[in-house]
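Single-structure report; data block below.
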Amino acid sequence: MNDKSNKKFWNKFAKLYAPFMKKDKGVYDNVCEYIRPYLNRNMNVLELACGSGQLK
6 MNDKSNKKFW NKFAKLYAPF MKKDKGVYDN VCEYIRPYLN RNMNVLELAC
56 GSGQLK
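Note that the working numbering gives residue 46 to position 41 of the sequence shown, counting from 1, and the numbers run on in steps of one.
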């Protein structure tokens, strides 16, 4: 897949991904509860290639 077709694919997919994932907020809540013990307020966290960046 060349760069242009890859970008086109992900731009198309992004329009569907965010609304689909917002629909199941419970999944995000579970992920946050799972990682919370490993994090603290003094840490910097890089969220890289994690969908729409909805995790906060």
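No residue lacks a Cβ here, since even glycine has one placed at the ideal position from N, Cα and C. From a predicted model like this one, the values you see are computed outputs, not experimental measurements.
Test item: CB-CB of residue i and residue j under 8 Å
i, j, result
"LEU44", "VAL50", "yes"
Close Cβ partners of residue i (< 8 Å) along its chain, the five nearest in sequence each way excluded
i, result
"TRP15", "none"
Residue i - DSSP class collapsed to helix/strand/coil
i, result
"GLU52", "coil"
"ASN47", "coil"
CB contact check: residue i to chain E, cutoff 8 Å
i, result
"VAL50", "Looking at the structure shown, chain E is missing, and only one protein chain is on hand."
Residue span of the alpha helix (DSSP H) that contains residue i, given as start and end
i, result
"TYR33", "30-40"
6 Å Cβ shell around residue i - same chain, five flanking residues per side excluded
i, result
"GLY31", "none"
Cut-off 7 Å between Cβ atoms - residues of its own chain near residue i, not counting five sequence neighbours on either side
i, result
"PRO24", "none"
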